[in-house]
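For the protein sequence lines, the chains are F and L, in the order given.
Numbered per the UniProt record's numbering, the first sequence spans residues 1 to 285.
Numbered per the UniProt record's numbering, the second sequence spans residues 1 to 269.
For reference, the structure is listed below as structure tokens.
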Amino acid sequence: MIMGLEYAFMRHALAAGTAIAVVSAAVGYFVTLRRQAFAAHALSHVGFAGAAGAILLSLDPYVGLFVITFLAALGLAWSGHRLSERDVGVGMILMFSLGLGVLFLNLYTANAQAAMSILFGSIVGVTTGQAWLSVGVAIGALVLLAAMVRPLLYMSLNEEAAAGRGVPVKWLNTLFLGLLAITVAIAVPIIGALLIFALLVGPPAAAQLLSKNVLAGILTAVALGVGETWAGIGCAYYIGYPASTWIASLSFLVYLGTTAIGSWRERGSKDSTAAMAAGPAGKGF
Amino acid sequence: MPVIDGTELTCQLGGRVVFAHLQLQIPRGGFVGVFGPNGAGKTSLLRALLGLIPLQGGTLQILEGDAREARTQIGYVSQSEPKEAEGRLSVAAFVGAAWRGERWGFNWHLTALHQAVRRALERVNAAHLASRPLQSLSGGQRQRVRIAQALVNPARILLLDEPLNNLDPQSQQQVLQLAKTLTRQENMTVLMTAHDINPLLPFMDHVLYLANGKGRMGTVNDLLTTPMLSELYGTPVTVSEHDGMLSIRVGNGFIPEISHHCHDHGAQP
């Protein structure tokens with residue numbers, strides 16, 4: 001059967017991979033729009049520490065992931081850090097949580113494989129429960145995103161004007177970071193804390209270079225994310241090497257390709273602007 | 001009845017009094033230029049009118065009613081650039097994002113959205129830019145598009161914070177003409193802050209001058225005089241005119257923000 005669908009582990013990998021690809025791309029569109037990629041990166045590292053801590057305490061790593069990532073998101077939202085920048089404070093949180101994670105793993109040496117899978121992902125190790133959890137959380141996250149998409153977009157493009165019209169910007173930012181936290185929490189065990197950008201930032205960044213409107217951008221990001229995930233799992237199945245590596249590489253290549261298309265188009269539109277300015281149409285306003 | 005009616009307005013930020021006991025009566029359909037040295041509270045005043053920062057004292061009525069309810073009737077173009085995407089988001093998408101943008105849930109009224117966006121862009125003479133990526137716009141085009149975003153929801157007051165910054169003289173004229181047209185054709189009230197008073201002289205109806213936590217409003221001829229500004233600053237101020245250009249000197253010094261300066265940033269061929 002195609003892509004080993006006769007094996008349960010491949011079905012789980014594809015189900016969970018698709019779910020996290022869709023939700024990461026949709027949420028990631030706003031992460032890149034709001035320039036919060038660095039905060040997302042920090043959250044995944046906090047998640048790693050949480051999962052490692054949970055393993056140490058003989059808890060389900062998912063519990064540690066969800067709880068700690070979510071708490072970190074609330075902390076970030078209310079600390080007043082300018083998350084749209086490469087804030088030093090966010091970097092410090094990232095560094096400290098990575099250090100803690102290493103300590104937890106050092107204290108619990110029996111299960112080094114679990115640590116590796118949190119850091120780099122383990123798409124083919126997805127259990128039935130993880131697959132269902134990923135699909136369920138992804139659907140919930142998408143519903144929440146759809147409910148908040150208009151004020152979120154308005155706030156992302158013009159925060160002050162949105163606040164003036166009554167968008168509760170602080171609460172909405174907190175809600176969005178919460179949404180980002182649960183997205184990161186389901187994505188980390190599958191794609192890996194260190195490779196989270198492959199799904200959360202790569203496809204949306206490429207989509208933003210390709211599309212002119214928001215809905216098309218989100219749908220393009222989702223299509224790219226799902227396509228890269230399936231192709232990555234397929235390559236891992238047929239060729240070998242870790243699926244995370246394939247997905248990260250594809251994400252990188254697609255981004256590289258769209259940047260090339262973007263700069264080529266840029267040159268095109270600059271030329272037409274110059275032509276317009278030269279003609280009578282460029283004179284009027 | 002003034003469209004913005006403030007008495008004894010007091011605003012403090014971080015313990016510092018930005019302005020105190022400010023009287024503000026802004027008539028409907030007026031084009032008001034807001035001036036003053038850096039830190040005099042030009043931006044704070046606009047933000048307070050919009051409800052983004054609280055007022056510690058005074059009463060404020062907007063559009064003959066409670067300021068809070070009237071705030072949806074105010075279009076605001078901030079001084080800081082919005083943190084828009086690096087991508088190729090189009091002008092229409094940028095303007096459309098604000099249309100009833102405070103509402104939750106998915107927007108199904110696509111026809112109404114497109115109409116609102118087209119109308120807003122037509123009003124700022126930018127209909128031809130609708131499908132252009134934001135990134136490709138010149139400084140002047142971009143400023144007009146930002147004004148269109150502020151107008152996409154029904155607005156009767158427009159607050160423009162330093163919209164002429166970094167624009168070449170020709171683009172400045174376009175933005176000023178646009179603001180003037182909105183006041184004349186739609187009876188909209190416009191408050192515009194600016195560093196340099198001179199480009200606004202032919203366009204504005206009233207001057208609001210803020211200094212030392214105080215404010216005075218009047219016509220150009222009444223207000224921008226040596227005695228009036230000396231009283232406001234509490235120190236000798238000289239207003240002089242050369243070839244239709246005003247220059248304002250405090251003491252023996254020269255206030256750079258009042259001087260005529262034109263930046264060419266953002267201008268594209």
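Where is the CB? At the ideal position from N, CA and C, for every residue including glycine.
This structure is a prediction, so every number in the text was calculated from the model and none was measured.
Check                                                                                                                                                              : Outcome
Thinking C-beta only, is L/G41 closer than 7 Å to L/F19?                                                                                                           : yes
Thinking C-beta only, is F/R165 closer than 7 Å to L/E69?                                                                                                          : no
Go ahead and pull the three-state DSSP assignment for L/T238.                                                                                                      : strand
Is it true that the segment 133-140 of chain F meets the segment 17-27 of chain F, where meeting means three or more beta-carbon pairs spaced less than 8 Å apart? : yes
What is the C-beta distance between F/V124 and F/A243, in whole angstroms, given that I count them as a contact (C-beta under 8 Å)?                                : 7 Å
How about L/Y76 and F/A39: do their beta carbons lie closer than 7 Å?                                                                                              : no
Taking Cβ to Cβ, would you say F/L16 is nearer than 7 Å to F/A221?                                                                                                 : Here residue 16 of chain F is Ala; the residue named in the question, Leu, does not match the sequence. No, Cβ-Cβ distance for F/A16 and F/A221 is not below 7 Å.
If we define contact as Cβ-Cβ less than 7 Å, is F/P151 a contact residue for chain B?                                                                              : Among the protein chains of the structure shown, namely F and L, there is no chain B.
Flag F/Y7 as yes if its beta-carbon sits less than 7 Å from any beta-carbon of chain L, otherwise no.                                                              : no
Since F/Y154 meets chain L, which of its residues come closer than 8 Å, beta carbon to beta carbon?                                                                : A97, A98, G101, E102
For L/Q25, which residues does DSSP report across the bridge?                                                                                                      : L/D5
What in chain L is Cβ-close to F/V167, meaning under 9 Å?                                                                                                          : G101, E102
Of all the alpha helix (DSSP H) runs that stay within the bounds of the segment 122-170 of chain L, which reach a length of 4 or more residues?                    : 139-151
Tell me, to the nearest whole angstrom, how far the beta carbon of L/T226 is from that of L/V239; I am working on the premise that it is less than 8 Å.            : 5 Å
With DSSP as the reference, label L/T225 as helix, strand or coil.                                                                                                 : coil
Assuming the contact rule is C-beta atoms closer than 8 Å, F/V27 and F/G50 should be a hit. Round their C-beta distance to whole Å, please.                        : With 8 Å as the limit, F/V27 and F/G50 do not qualify as a contact, their Cβ atoms being about 19 Å apart.
If we require 4 or more residues per run, which alpha helix (DSSP H) segments fall completely within the segment 40-88 of chain F?                                 : 61-79
With a threshold of 16 other CB atoms inside 10 Å of the CB of L/T59, please say whether the residue is buried or exposed.                                         : exposed
Just confirm the distance between the C-beta atoms of F/V188 and F/G99, as a whole number of angstroms; I'd bet it's less than 8 Å.                                : About 17 Å separates the two Cβ atoms, so there is no contact after all.
L/Y209 by DSSP, collapsed to three states: which one?                                                                                                              : strand
With respect to the beta strand (DSSP E) encompassing L/R249, which residues constitute its N-terminal and C-terminal limits?                                      : 245-250
By the 7 Å beta-carbon criterion, what residues does the segment 19-35 of chain L contribute toward chain F?                                                       : none
Pull up the CB-CB distance for L/A93 and F/N213, whole angstroms please, since I reckon it's below 8 Å.                                                            : 4 Å
Taking the C-alpha atoms as reference points, what is the distance between F/A131 and F/L179?                                                                      : 19 Å
Just to confirm the assignment, what range does the alpha helix (DSSP H) spanning F/V137 have?                                                                     : 128-157
What are the residues of the segment 50-72 of chain L that lie near chain F, defined by any Cβ-Cβ distance shorter than 7 Å?                                       : L50, G51, L52, R71, T72
Whose C-beta lies closer than 7 Å to the C-beta of F/L250 among residues of the same chain, with five residues either side of it excluded?                         : E228, A231, G232
Does the distance from the CB of F/L119 to the CB of F/A193 come in under 7 Å?                                                                                     : yes
Over the uninterrupted beta strand (DSSP E) stretch that includes L/T59, give me the two end residues.                                                             : 57-62
Starting from F/F30 and walking both ways along the alpha helix (DSSP H), at which residues does that stretch end?                                                 : 8-33
Counting only beta-carbon atoms, is F/V254 nearer than 7 Å to chain L?                                                                                             : no
Terminal residues of the continuous beta strand (DSSP E) containing F/Y238?                                                                                        : That residue, F/Y238, is in no beta strand (DSSP E); its alpha helix (DSSP H) goes 214-238.
In the DSSP assignment, find the alpha helix (DSSP H) that holds L/M204 and state where it starts and stops.                                                       : Element bounds for L/M204: n/a, residue is neither H nor E.
For L/M192 and L/L182, I'd like the C-alpha separation in whole angstroms.                                                                                         : 13 Å
So L/S44 contacts chain F; which residues on that side make the cut at Cβ distance below 7 Å?                                                                      : By Cβ distance, chain F contributes nothing, its closest Cβ being about 13 Å from L/S44, past 7 Å.
Show which residues of chain L have a CB atom less than 7 Å away from the CB atom of F/M148.                                                                       : W104
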